[in-house]
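What follows is one structure encoded as structure tokens, with my remarks underneath.
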Amino acid sequence: MFVSTRRTFLKAAAAGVAAPFAFAQAPKIETSQLGDNLYLLTGAGGNVIARTGADSVVMVDGGLAQNAGALAQAVAALPNSGPVRTLFNTHWHPEQTGSNEPLGMAGATIIAQENTRLWLQQNITWPWNGQKFKKLAKIAQPNKTFYDKGTLGSGASEIRYGYISDAAHTDGDLYVYFPQQNVLAVGDAAYGQGWPVVDWWTGGWIGGIVGGLQRIQSVANKDTKIIPAVGPALSLADITAQVDMYGTIYDRLNQMMNKGRGPSEGVEAKPAKEFEAKMGNPDEFIRRSFESLWAYLSPDA
């Protein structure tokens, strides 16, 4: 049963998530308006979108768990903000799922692609750096999943969402499109700043980055505001430029792999040299991208 007050989310976020961080300085959550009743919140660990309404609020992603209390207060302070009834997880990473537990406790619907739910049900360790991620409690796991696409609401309030099946960042990426405001949330399937994390351990790969960006191209138009998980809003032209850049890098790495080269040789060859001035040091990205090719294209994959 859904508890129809904002206080439930605020109390759960403060008691269930934020309490272990009581002595840490609360993050500064900044808010900007994307369109009618649609807001971008930054500072919680990743970009968060909130569509407000007196009866319900829809959120896309929930920041890090230690920032859930501050984020809850920022969402509650938005104009025309009622209880949060729906949360989308664009993928399983902690920067997207930190509000799952308090919102799950408050009775919200948590929507994710089915693969995201499966990842959140198990402990995960990244093999390249040993970083560990604990499975989420049952109450924090997505309670509504899908495989292909879906809609929420109708008419002027309709929200469309779909699976980015190319495995751009993980194998459970989704987009959320707000047609009335022409805003498209894409999580880490597009990149607002710096090089992406290629999480090949949970299904992402360099070829999927290109395919995922092309999927975004098919949903957006020239006036769409495209909101990545990190960084400023992107345009369709920005996405097209990313398709070209990552496509070039993919082709070069694929050629090297076909010649029997390995990840270290891939890094040494500097296949992203002309993009370094704008994007920064690509070595970690290139290494993970090469490893992702092995995961997807090697004969034993």
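Just so we're on the same page, our numbering is the position in the sequence shown counted from 1, plus 2.
Note that CB positions come from ideal geometry on N, CA and C, so glycine has one too.
All figures in this text were calculated on a predicted structure; none of them were measured in a lab.
- At a Cβ-Cβ threshold of 8 angstroms, leucine 215 and methionine 259 do not count as neighbours.
- If only complete runs of 4 or more residues are kept, the stretch 16-71 shows no alpha helix (DSSP H) anywhere.
- Nearest to aspartate 225 by C-alpha distance, out of Leu186, Trp203, Ile208, Tyr193, is Leu186.
- By the 16-neighbour rule on beta-carbons within 10 angstroms, lysine 272 is exposed.
- Excluding five sequence positions before and after phenylalanine 90, the CB atoms of its chain that fall closer than 6 angstroms to its own CB belong to Val62, Ile113, Val178, given in chain order.
- Secondary structure at proline 85: coil, using DSSP grouped into helix, strand and coil.
- Proximity to arginine 119 across Gln143, Ala110, Pro129 peaks at Gln143, based on C-alpha coordinates.
- Taking the CA atoms as reference points, proline 129 sits about 44 angstroms from aspartate 38.
- The alpha-carbon separation between glutamate 278 and alanine 158 amounts to approximately 43 angstroms.
- If you draw a 10 Å sphere on the C-beta of threonine 153, you find fewer than 16 other C-beta atoms in it, and that means exposed.
- Straight-line measurement puts the Cα of glycine 249 at about 10 angstroms from the Cα of asparagine 256.
- Under DSSP, alanine 271 forms no beta bridge with any residue.
- The stretch 87-105 makes contact with the stretch 66-74, as at least three CB pairs between them are under 8 angstroms.
- Alanine 56 is not a Cβ neighbour of valine 86, given a cutoff of 8 angstroms.
- Contact between methionine 281 and tryptophan 202 fails: their C-beta atoms lie close to 20 angstroms from each other, not under 8 angstroms.
- Counting C-beta atoms within 10 angstroms of its own C-beta, tyrosine 252 has 16 or more neighbours from the protein chains shown and is therefore classed as buried.
- Tryptophan 207 sits close to alanine 169, with the two beta carbons spaced by under 8 angstroms.
- Its chain contains Gly194, Gln195 as the residues whose beta carbon lies nearer than 6 angstroms to that of glycine 233, once the 5 sequence neighbours on both sides are disregarded; these appear in chain order.
- CA-CA distance, aspartate 246 to valine 50, rounds to 27 angstroms.
- For the set Ala28, Thr44, Glu267, the Cα lying nearest the Cα of serine 34 is the one of Thr44.
- Annotation note: the stretch 196-248 contains the following uninterrupted alpha helix (DSSP H) runs of length 4 or greater, listed N- to C-terminal: 208-221.
- Ranked by Cα distance from glutamate 116, the first of Pro181, Ile166, Arg263 is Ile166.
- With at least 16 other beta carbons inside 10 angstroms of its own, alanine 108 counts as buried.
- Here DSSP, grouped into helix, strand and coil, assigns glutamine 75 to helix.
- The beta carbon of glycine 210 is closer than 7 angstroms to those of Asp168, Ala169, Ala170 in its chain, skipping five residues each way along the sequence.
- Under DSSP, alanine 114 takes part in a beta bridge, and its partners are Thr147.
- Out of Ser83, Thr127, Ala74, the CA that lies nearest to the CA of arginine 53 is found in Ser83.
- Taking a 10 Å sphere around the C-beta of lysine 261, we find fewer than 16 other C-beta atoms and assign the residue as exposed.
- Boundaries cannot be given for glycine 282, as no beta strand (DSSP E) includes it and DSSP labels it neither H nor E.
- Take glutamine 124, set aside five residues on each side of it, and the residues of its chain with a beta-carbon closer than 8 angstroms to its own are Lys137, in chain order.
- Going by C-alpha positions, isoleucine 126 is about 5 angstroms away from phenylalanine 135.
- In the three-state DSSP reduction, tyrosine 177 falls in the strand class (E or B).
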